[in-house]
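To keep things clear, I will list the structure first and then write my remarks on it.
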Amino acid sequence: MKTALVTGGSRGIGKAICLRLASMGYHVIVNYVSNDAAAEATLAEICSAGGSGELLKFNVADREEALKCLAGWQEAHPGEYVEVLVNNAGIRKDNLLLWLEGDEWYNVIGASLNAFYNVTRPLLQPMVLKKKGRIINMASLSGLKGLPGQTNYSAAKGGLISATKALAQEVAARKVTVNAIAPGFISTDMTTGLDEEALKKEIPAKRFGKPEEVAALVAFLVGDEASYITGQVISINGGLY
Ligand code: NAI
1 MKTALVTGGS RGIGKAICLR LASMGYHVIV NYVSNDAAAE ATLAEICSAG GSGELLKFNV
61 ADREEALKCL AGWQEAHPGE YVEVLVNNAG IRKDNLLLWL EGDEWYNVIG ASLNAFYNVT
121 RPLLQPMVLK KKGRIINMAS LSGLKGLPGQ TNYSAAKGGL ISATKALAQE VAARKVTVNA
181 IAPGFISTDM TTGLDEEALK KEIPAKRFGK PEEVAALVAF LVGDEASYIT GQVISINGGL
241 Y
């Protein structure tokens, strides 16, 4: 059975991706950082739909913890490897740079950009050796255009986009593809509290996207038919730029 790892997989977009990949026959490793109940509920949903999965709790922003957990998983599963990696975990701490605290900068960069290194680096070698792998990085519209109040988040996601393009070229010949997805507004905990009615007026499609719509794009990118697509940033934003 092929294995997929989804970071921040316990809720929101990550959860929808876990369920979708499980429905495609992947054994899904659901990474999460703190909410045991949400993670267990996601795993229960995977299993009750006839899928296979397991939980792997670690903080993707913590290099040593990530390395230890991933090495532990690999040791416990000799001969297996993570063929699909979805670097989905991320946080927002919006503030104008004038008032942005150090923690708000470093934590946001840590959860998206440093996490890309912390998780991808240990999992890359088996993909390259097996000559098959898919890496999908969850970026953002904010990382493409830069949004005021989000210098930290825009920098994290913009960096992730550049890392995607660079790594794609490093591993393309080994049949590993690396792509980024740049969602606009998707209905999850991350967008709860935003003025949805006002924001919807600015979106050409006049609605927020659904986590399942992002998961469907991930499903396409992991498939064999997407094997010539690499180093790309694919927007899913209802026409909002
Ligand atoms: P969410 O807040 O519902 O879920 C984020 C997930 O990441 C949670 O499961 C959380 O526990 C996990 N996470 C955060 N920090 C972590 C850490 N240090 N270690 C492990 N897991 C961690 O958010 P949502 O909306 O599902 O976001 C998923 C991804 O999509 C994020 O990277 C976000 O930046 C990105 N995104 C979301 C958009 C939206 O409108 N919802 C728009 C553009 C991008």
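Quick note: the numbering used here has the sequence shown finishing at residue 241, numbered continuously throughout.
All residues carry an ideal CB built from backbone N, CA and C; glycine is no exception.
All values reported here derive from a predicted model rather than from experimental measurement.
Asked, Found
"Out of 100, 142, 81 and 104, which one is the CA nearest neighbour of residue 120?", "81"
"At a threshold of 7 Å, does residue 56 count as lining the ligand NAI (C-beta to nearest heavy atom)?", "no"
"Can you find at least 3 beta carbon pairs, one from the segment 25-37 and one from the segment 45-63, that sit closer than 8 Å?", "yes"
"Please indicate yes or no: does the CB of residue 81 lie closer than 7 Å to some heavy atom of the ligand NAI?", "no"
"Which residue marks the beginning of the beta strand (DSSP E) containing residue 234, and which one marks its end?", "233-236"
"Note down, one range per segment and in chain order, each alpha helix (DSSP H) of at least 4 residues found wholly within the segment 138-214.", "141-145, 151-171 and 196-202"
"Kindly indicate the opening and closing residues of the alpha helix (DSSP H) around residue 38.", "36-48"
"Work out the CA separation of residue 161 and residue 243 for me, nearest whole Å.", "Since the first and last residues shown for the chain are 1 and 241, residue 243 lies out of range."
"Determine whether the beta carbon atoms of residue 153 and residue 63 lie at a separation below 8 Å.", "no"
"Drop a sphere of 10 angstroms on the beta-carbon of residue 29, count the other beta-carbons inside from all chains shown, and report buried for 16 or more, exposed for fewer.", "buried"
"Just checking my contact of residue 174 with residue 201 at CB under 8 Å: how many whole Å lie between their CB atoms?", "About 46 Å; that fails the 8 Å criterion."
"One question on the structure: do residue 44 and residue 21 come within less than 8 Å of each other, judged by their Cβ atoms?", "no"
"So the candidates are 96, 88 and 84; which of them puts its Cα closest to the Cα of residue 128?", "84"
"Sort 147, 214, 190 and 75 by Cα distance to residue 96 and report the nearest one.", "147"
"From residue 27 to residue 212, what does the alpha carbon distance come to, in whole angstroms?", "19 Å"
"Relative to the C-alpha of residue 139, which residue among 18, 50 and 232 is closest?", "232"
"Considering only heavy atoms of the ligand NAI, does any lie closer than 7 Å to the CB of residue 220?", "no"
"Return helix, strand or coil for residue 118, following the three-state DSSP convention.", "helix"
"For residue 4, write down the residues that DSSP places opposite it in a beta bridge.", "28 and 84"
"At what residues does the beta strand (DSSP E) containing residue 9 begin and finish?", "No beta strand (DSSP E) contains residue 9, which DSSP labels as neither H nor E."
"Under 8 Å, do residue 183 and residue 240 count as touching if we go by C-beta distance?", "no"
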